[in-house]
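>
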Amino acid sequence: MCLEEAIRISRHIVSGLWLPKLPHEPLRNNPFGRSAAAKDGLACLPGAASSSSTPTPTPTPTPTTVPSTTTSTTVGGTSSTPAPTSTNCPTLPSSITLKAISKLPDPFTFVADGSKVTTKAQWQCRQQEISQLFQRYELGTLPPKPSSVTGSYSGSTLTVNVNNGGTSISFSVSVQLPSSGTAPYPAIIAMGGLSIPTPAGVAVLTFNNNDMAQQTDSTSRGKGKFYTLYGSSATASSMMAWAWGVSRIIDVLEVTPSLKLDLTKLAVSGCSRNGKGAMVAGAFEPRIALTIPQESGSGGGGCWRISDAMLAAGVNTQTASEIVGENVWFSTNFANYVRQVPNLPFDHHLLAALIAPRALLVIDNTGIDWLGPKSVWGCMKTANKVWQALGATANMGVSQVGNHNHCAFPSNEQGDLDAFINKFLKGQNTNTAFVKTDGANGLGFVDSDWVDWSVPTLT
Numbered sequence: 536m537c538l539e540e541a542i543r544i545s546r547h548i549v550s551g552l553w554l555p556k557l558p559h560e561p562l563r564n565n566p567f568g569r570s571a572a573a574k575d576g577l578a579c580l581p582g583a584a585s586s587s588s589t590p591t592p593t594p595t596p597t598p599t600t601v602p603s604t605t606t607s608t609t610v611g612g613t614s615s616t617p618a619p620t621s622t623n624c625p626t627l628p629s630s631i632t633l634k635a636i637s638k639l640p641d642p643f644t645f646v647a648d649g650s651k652v653t654t655k656a657q658w659q660c661r662q663q664e665i666s667q668l669f670q671r672y673e674l675g676t677l678p679p680k681p682s683s684v685t686g687s688y689s690g691s692t693l694t695v696n697v698n699n700g701g702t703s704i705s706f707s708v709s710v711q712l713p714s715s716g717t718a719p720y721p722a723i724i725a726m727g728g729l730s731i732p733t734p735a736g737v738a739v740l741t742f743n744n745n746d747m748a749q750q751t752d753s754t755s756r757g758k759g760k761f762y763t764l765y766g767s768s769a770t771a772s773s774m775m776a777w778a779w780g781v782s783r784i785i786d787v788l789e790v791t792p793s794l795k796l797d798l799t800k801l802a803v804s805g806c807s808r809n810g811k812g813a814m815v816a817g818a819f820e821p822r823i824a825l826t827i828p829q830e831s832g833s834g835g836g837g838c839w840r841i842s843d844a845m846l847a848a849g850v851n852t853q854t855a856s857e858i859v860g861e862n863v864w865f866s867t868n869f870a871n872y873v874r875q876v877p878n879l880p881f882d883h884h885l886l887a888a889l890i891a892p893r894a895l896l897v898i899d900n901t902g903i904d905w906l907g908p909k910s911v912w913g914c915m916k917t918a919n920k921v922w923q924a925l926g927a928t929a930n931m932g933v934s935q936v937g938n939h940n941h942c943a944f945p946s947n948e949q950g951d952l953d954a955f956i957n958k959f960l961k962g963q964n965t966n967t968a969f970v971k972t973d974g975a976n977g978l979g980f981v982d983s984d985w986v987d988w989s990v991p992t993l994t
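The opening residue of the sequence shown carries number 536 in this note's numbering; numbering runs sequentially from there.
#1: For a quick check, are the C-beta atoms of Gly937 and Asp904 less than 8 angstroms apart?
#2: Given that a residue counts as buried once 16 or more other Cβ atoms are within 10 Å of its Cβ, and exposed if not, what is Val981?
#3: Where does the unbroken beta strand (DSSP E) through Pro721 begin, and where does it stop?
#4: Report buried or exposed for Thr826, applying the criterion of at least 16 other Cβ atoms within 10 angstroms of its Cβ.
#5: Going straight from the alpha carbon of Val769 to that of Thr676, what length do you get?
#6: On a CA-only basis, which of Phe742, Leu794, Gln875, Ala975 is nearest Gly780? Give me that one, please.
#7: How close, in whole Å, do the beta carbons of Val897 and Pro828 come, if the pair is a contact with beta carbons under 8 angstroms?
#8: Could you spell out the range, first to last residue, of the beta strand (DSSP E) harbouring Asp648?
#9: From Val787 to Ser687, what does the alpha carbon distance come to, in whole angstroms?
#10: Tell me the rounded alpha-carbon separation between Trp777 and Leu740.
#11: Rounded to whole angstroms, what's the CA-CA distance from Ala816 to Thr632? Just pull it up for me.
#12: For a test of the three-state rule: what should DSSP assign to Asp882, helix, strand or coil?
#13: Buried or exposed for Pro628, please, with buried defined as at least 16 other CB atoms from any protein chain shown within 10 angstroms of its CB.
#14: For Ala918, which option in Ala975, Pro679, Val863, Leu889 has the closest C-alpha, if you only look at C-alpha atoms?
#15: Sort out for me which residues DSSP pairs Cys806 with in a bridge.
#16: Would you call the segment 781-800 and the segment 681-700 touching, i.e. three or more CB-CB distances under 8 angstroms?
#17: Give the DSSP-derived three-state secondary structure of Thr917 in the structure shown.
#18: Helix, strand or coil: which one does DSSP assign to Lys800?
#19: Going by DSSP, what residue range makes up the beta strand (DSSP E) through Asp899?
#20: Compute the beta-carbon to beta-carbon distance between Val737 and Ala722, rounded to the nearest angstrom, for a pair I have assumed lies under 8 angstroms.
#21: Which class does Ser545 belong to by DSSP, given the choice of helix, strand or coil?
#22: By the three-class DSSP mapping on this structure, what secondary structure does Lys758 have?
#23: How far does the beta strand (DSSP E) with Val710 in it reach, from first residue to last?
#24: From this set, Ser691, Cys660, Ala954, which residue's C-alpha is nearest Val646's C-alpha?
#25: Please specify which runs of the beta strand (DSSP E), each continuous and at least 3 residues long, are wholly inside the segment 807-878, giving them in chain order.
#26: Can you name the start and end residues of the alpha helix (DSSP H) that Lys995 belongs to?
#27: Relative to the C-alpha of Ser714, which candidate in Leu729, Asn699, Pro734 has its C-alpha closest?
#28: If contacts are defined as beta-carbon pairs under 8 angstroms, then Phe869 and Glu673 qualify, I think. What distance do you get, rounded to the angstrom?
#29: With three or more C-beta pairs closer than 8 angstroms as the rule, is the segment 876-896 touching the segment 634-651?
#30: Buried or exposed: which applies to Ala954, given that a residue is buried once 16 or more other Cβ atoms fall within 10 Å of its Cβ?
#31: Pop quiz: Leu895 and Met931 are said to be a contact at Cβ under 8 angstroms. What is the actual Cβ separation, rounded to whole angstroms?
#32: In whole angstroms, give me the CA-to-CA distance for Lys651 and Asn623.
#33: Is it true that the CB of Tyr720 sits closer than 8 angstroms to the CB of Leu796?
#34: Going straight from the alpha carbon of Gly700 to that of Lys758, what length do you get?
#35: Does the segment 828-838 come close enough to the segment 905-912 to have 3 or more Cβ pairs within less than 8 angstroms?
#36: DSSP puts Gly932 in a beta bridge; with which residues?
Written as structure tokens, this is what we have:
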């Protein structure tokens, strides 16, 4: 219910059973009710709507290193999302008059000045702008890398120590090295645990994202180690705090050669609410080579606008106006827009676009209306147009299959998962150029209903 020259450029920008180990909670007004079973089952989704022009409240910005097995090393602070190399990016005004956009916003038009994206260098700039917009209106501010990040690796535990302005936190990551394959190993950072089959020859690092930022319910705001460091009033939502945590894990991995991991082949994955978190981490951390959100629903792979339309058509699907009252995955500022979704200058096809042209595999479920399968299908099918523009369609895939329980990975999706793992984590030549659903008639999604812009060929 809570549900790569281009690759290099991107790295310089920004059926089964319920899984009781995944942190889920009950939904309000959802088909799974408030039962304990639901609490261990589904996680979140998106949006509501309106149309008037709305002046933007100015957000309060949030203030804005790492070792071997026994020694401690410090790395200087830099931003998790480096700015593009070009110095000619349009500047996003501090205040924007928002205007209603009923269809999915154009990825290739700058909000700052209305100019068009025609080159890959300009796409870098547009990604920077999209990142700023998501931080301003939906996710809260992502702090830069702290002044000190240190760490150690012992046994099967990676310890991350962070100091910022005299305040310190420490958190641990469980490391499972593969029993096969050859070092250095590729690795998957698993949000809250891995709910896809563990690939052979791939290490798994389990990140307790709840420890970094709580997500019990709406009372979890400002609770967790991230907020110990930055204060309980930091604007970063829990999902942005998790993304920050993933970046600090990678900081430590970069100075911990004893782990023998290939840091050019890192993935992040999670299911349901943690699938949303995995997508946000992939969007804001350019060192992630492959992002695998699983059944992330609205607020993840789904678009707010399409989810609103589904609800209006009588489908019991989670929307933005519902989700903000359920938990703290989004910033407090986002609540000002959930009943005016068309006024948002983005939707989640643009969250996915922050990953482009790095690899993204969206795994989804057509069998659960609350997840908004039509919304996810339409949203990610639209996001795929960005990879088309970049000439990188083989780097983005959608695999949407129903007839199984939430977060229970179906065997008929194994080939799709293997294709992405083998290509982007193991360097093999596989077919990853697929965008597919088992939903009848494309779940009723009609491209022209939602897209009124053309796809350029970026040079």
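Glycine included, every Cβ here is placed at the ideal spot set by N, Cα and C. Bear in mind the structure is a predicted one, so any value in this text is a computation, not a measurement.
Once the coordinates are examined:
#1: Residue mapping note: residue 937 aligns to position 402 of the sequence shown, counting from 1. Residue mapping note: residue 904 aligns to position 369 of the sequence shown, counting from 1. Not in contact: Gly937 and Asp904 (Cβ atoms no closer than 8 angstroms).
#2: Residue mapping note: residue 981 aligns to position 446 of the sequence shown, counting from 1. The residue in question, Val981, is exposed, as its Cβ has fewer than 16 Cβ neighbours within 10 Å.
#3: Counting from 1 along the sequence shown, the entry for residue 721 is found at position 186. From DSSP, the beta strand (DSSP E) with Pro721 extends over 720-726.
#4: On the sequence shown, residue 826 is found 291 positions in, with the first residue counted as 1. Around the beta carbon of Thr826, a 10 Å sphere encloses 16 or more other beta carbons of the protein chains shown; the residue is thus reported as buried.
#5: As a working mapping, residue 769 is identified with position 234 in the sequence shown. As a working mapping, residue 676 is identified with position 141 in the sequence shown. Checking the displayed sequence, the identity of residue 769 turns out to be Ala instead of Val. Distance between Ala769 and Thr676, taken at the CA atoms: about 8 angstroms.
#6: One-based indexing of the sequence shown puts residue 780 at position 245. Nearest neighbour of Gly780 by Cα position, chosen from Phe742, Leu794, Gln875, Ala975, turns out to be Phe742.
#7: Taking the sequence shown and counting its residues from 1, the one referred to as residue 897 is at position 362. Taking the sequence shown and counting its residues from 1, the one referred to as residue 828 is at position 293. About 6 angstroms separates the two Cβ atoms, so the contact holds.
#8: The residue given as residue 648 occupies position 113 in the sequence shown. Neither: Asp648 is in no beta strand (DSSP E) and is coded neither H nor E.
#9: On the sequence shown, residue 787 is found 252 positions in, with the first residue counted as 1. On the sequence shown, residue 687 is found 152 positions in, with the first residue counted as 1. Rounded to whole angstroms, Val787 to Ser687 spans 8 angstroms at the Cα level.
#10: What you label residue 777 is simply residue 242 of the sequence shown in a count that begins at 1. What you label residue 740 is simply residue 205 of the sequence shown in a count that begins at 1. Rounded to the nearest angstrom, the two C-alpha atoms are 14 angstroms apart.
#11: Translated into positions along the sequence shown, residue 816 becomes position 281. Translated into positions along the sequence shown, residue 632 becomes position 97. The alpha-carbon separation between Ala816 and Thr632 amounts to approximately 29 angstroms.
#12: Taking the sequence shown and counting its residues from 1, one reaches residue 882 at position 347. Asp882 falls in the coil class under three-state DSSP.
#13: In the sequence shown, the residue the question calls residue 628 occupies position 93. Looking at its Cβ environment, which holds fewer than 16 other Cβ atoms inside 10 Å, Pro628 is exposed.
#14: For the purposes of this step, residue 918 is identified with residue 383 of the sequence shown, where counting begins at 1. Residue Leu889 is the option with its Cα nearest to Ala918.
#15: Residue 806 sits at position 271 when you count from the first residue of the sequence shown. Bridge partners of Cys806: Gln829.
#16: Yes, since at least three Cβ pairs between the segment 781-800 and the segment 681-700 fall closer than 8 angstroms, the two stretches touch.
#17: Position 382 of the sequence shown holds residue 917. Helix, per DSSP.
#18: Translated into positions along the sequence shown, residue 800 becomes position 265. The three-state reading of DSSP puts Lys800 in strand, counting E and B together.
#19: As a first step, residue 899 must be located in the sequence shown, where it is residue number 364. If you look at Asp899, you'll find it in the beta strand (DSSP E) that goes 894-899.
#20: Here residue 737 is taken as the residue at index 202 of the sequence shown, counted from 1. Here residue 722 is taken as the residue at index 187 of the sequence shown, counted from 1. Contact between Val737 and Ala722 is confirmed by a C-beta separation of about 6 angstroms, below the 8 angstroms threshold.
#21: Position 10 of the sequence shown holds residue 545. Summary for Ser545: the model assigns pLDDT 44, below 50, so the residue's position carries little reliability; its value from the coordinates is reported in the next sentence. Three-state result, Ser545: helix.
#22: If you number the sequence shown from 1, residue 758 lands on position 223. Of the three classes helix, strand and coil, the one that applies to Lys758 here is coil, per DSSP.
#23: Residue 710 sits at position 175 when you count from the first residue of the sequence shown. Residues 702-711.
#24: Position 111 of the sequence shown, counted from the first residue, corresponds to residue 646. Among Ser691, Cys660, Ala954, the Cα nearest to that of Val646 belongs to Cys660.
#25: Correct list: 825-829.
#26: Nothing about residue 995 can be read from this structure; the chain reaches only from 536 to 994.
#27: Position 179 of the sequence shown, counting from 1, holds the residue named residue 714. Cα-wise, what sits closest to Ser714 is Pro734.
#28: Here residue 869 is taken as the residue at index 334 of the sequence shown, counted from 1. Here residue 673 is taken as the residue at index 138 of the sequence shown, counted from 1. Confirmed, Cβ separation roughly 5 angstroms.
#29: Segments in contact, yes.
#30: On the sequence shown, residue 954 is found 419 positions in, with the first residue counted as 1. Counting Cβ neighbours within 10 Å, Ala954 comes out buried, since at least 16 surround it.
#31: Working through the sequence shown from its first residue, we reach residue 895 at position 360. Working through the sequence shown from its first residue, we reach residue 931 at position 396. A Cβ-Cβ separation of about 5 angstroms places Leu895 in contact with Met931 under the 8 angstroms criterion.
#32: By one-based count along the sequence shown, residue 651 stands at place 116. By one-based count along the sequence shown, residue 623 stands at place 88. When rounded, the distance between both Cα atoms is 13 angstroms.
#33: As a first step, residue 796 is located in the sequence shown; it is residue number 261 there, counting from the start. As a first step, residue 720 is located in the sequence shown; it is residue number 185 there, counting from the start. In this structure, Tyr720 lies closer than 8 angstroms to Leu796 by Cβ.
#34: Start at 1 with the first residue of the sequence shown, and residue 700 comes out as number 165. Start at 1 with the first residue of the sequence shown, and residue 758 comes out as number 223. Rounded to whole angstroms, Gly700 to Lys758 spans 19 angstroms at the Cα level.
#35: Taking 8 angstroms as the limit for Cβ pairs, the verdict is that the segment 905-912 does touch the segment 828-838.
#36: Looking up residue 932 in the sequence shown gives position 397. Paired residue(s): Leu896.
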